[in-house]
Each structure stands twice: as structure tokens, then as C-alpha cells.
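**Student:** Here it is: the structure, laid out below.
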Amino acid sequence: MNHHNIVWNKFIRLTHWLVAVIIILDMFIFTDGADLHIWLGYIVTGLVILRLIYGLISRHQAHSLSNFPLSASSLIKFFQDKIKNRDTKYLGHNPAASLVYVLIWLCVLGLTITGWMLGLDRFFGDESVEQAHRIINTVLQVTVIFHLLGLLLDSLQFKRKAWMSMLTGRK
Numbered sequence: 220m221n222h223h224n225i226v227w228n229k230f231i232r233l234t235h236w237l238v239a240v241i242i243i244l245d246m247f248i249f250t251d252g253a254d255l256h257i258w259l260g261y262i263v264t265g266l267v268i269l270r271l272i273y274g275l276i277s278r279h280q281a282h283s284l285s286n287f288p289l290s291a292s293s294l295i296k297f298f299q300d301k302i303k304n305r306d307t308k309y310l311g312h313n314p315a316a317s318l319v320y321v322l323i324w325l326c327v328l329g330l331t332i333t334g335w336m337l338g339l340d341r342f343f344g345d346e347s348v349e350q351a352h353r354i355i356n357t358v359l360q361v362t363v364i365f366h367l368l369g370l371l372l373d374s375l376q377f378k379r380k381a382w383m384s385m386l387t388g389r390k
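Using our numbering, the letters of the sequence shown map in sequence onto residues 220 to 390.
Written out as C-alpha cells, the structure is:
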């Protein structure tokens, strides 16, 4: 593979980093329904929706959601290759990264829906909505940890800097 190819364009990289920064801010700094927490939640949801729309209309192989290798067989093969120390190359996201991104996007959407519900009189004091919001937040945190661990393990196993691709666009 030519290492000078731009795989991730500026839109993909910008939305990636904006979503990452907003998630960190909302989880650890502006918490518990503060106005900024709510607005950041809506902004990150808008970014995720834009990314999903872009993934649906993009013809670029690495950006298109239709090219995310999300089948059980692709995940099994991916992990078998990792265990056997085989370096399978993917133009876009590998199967594990594809799953992680879809989970992150679903969590962001779920947090927005439950967060919005918490602001409605109908759900005021409803413990089940608050609990759903907390559970989705925990799933998001665990998913982000898996994302970071995957990058670290890939870097250690195959001596490459996959994490740099979201800075430079090159893979």
C-alpha cells in the first residue's frame, strides 16, 4: 500500500476530533445537565448525524458506511489474523474499528435521546431514564477505552502508527 495516499479527508478527521473532544468535555468537565453539557451533547449529535449522512452518500471506499466490515465473519477473521500475527491491511477501518465507531455513534445518539427526555416534565424524576443515560455513558466510556487499546496494541504488534492517520489523513 502506498503510504502517501490520503485515506481520511479533512471532514472525516475534523469530525473525529471534534466528537472526541466534546465527548471528553461532556463526560469529565461539564457534567450533570449543566447548560454547556446539554449544548455540547446537541453539537456532538449534529456531528455524528453529519458523519452518518456523509457515510451514506460518500463514494470513497474508506468513508462509505456500506464498506464498514461489520459482519461476524469479518470480525472473527480479523481477530484470528491478529492472534496469528498476520498484518491484514484495510483501506478504511478494520472490522474492530468499524464496530467501535458504530457503537460510539449509537451511544452518542442514545445519550442525546435520554438526555433530552430528562429535560421533559413527563420524565422528571424518572429513574429508569436516568439509569439508561448512565448505562449508555458507561458503554461509551468502555467503547472509547477499547478504541484506544486497539490503537495501542496495533502499534505495538505491527510497529506502525495507525493513530497518526487521524492527524495526517495518510494510512
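For every residue, glycine included, the Cβ atom is placed at its ideal position computed from N, Cα and C.
1. Quick one: Cα of M220 to Cα of R270, how far?
2. In terms of residue numbering, what span does the alpha helix (DSSP H) encompassing T362 cover?
3. Counting only beta-carbon atoms, is A381 nearer than 8 Å to chain D?
4. Whole angstroms is fine: what's the gap from Q376's alpha carbon to L337's?
5. Since I believe I355 is in contact with T333 (beta carbons under 8 Å), could you give me their beta-carbon distance rounded to a whole number of angstroms?
6. On a Cα-Cα basis, can you pick out the residue from P314, Y273, L275 and D245 that is closest to Y261?
7. Mind checking A253: buried by the 16 CB within 10 Å criterion, or exposed?
8. Buried or exposed: where does A291 fall if 16 or more other Cβ atoms within 10 Å of its Cβ makes it buried?
9. Are L294 and A315 closer than 8 Å when you measure CB to CB?
10. Quick check on DSSP: helix, strand or coil for R389?
11. Tell me whether the beta-carbon of L310 lies closer than 8 Å to the beta-carbon of Q280.
12. Could you give the C-beta distance for S384 and K390, rounded to a whole number, given that I count them as a contact under 8 Å?
13. Could you tell me which whole alpha helix (DSSP H) segments of length 4 or greater appear in the segment 240 to 300?
14. Name the DSSP bridge partner or partners of I225?
15. Determine the extent of the alpha helix (DSSP H) in which T333 is found, giving its start and end residues.
**Tutor:** To lay it out plainly:
1. Because the pLDDT at M220 is just 44, under 50, the model does not fix this residue reliably, and the value given afterwards should be weighed accordingly. Going from the Cα of M220 to the Cα of R270 covers about 26 Å.
2. E346 to F377
3. You won't find chain D in this structure, because it holds only one protein chain.
4. 44 Å
5. 6 Å
6. D245
7. exposed
8. exposed
9. yes
10. strand
11. yes
12. 4 Å
13. 254 to 276
14. R389
15. P314 to L337
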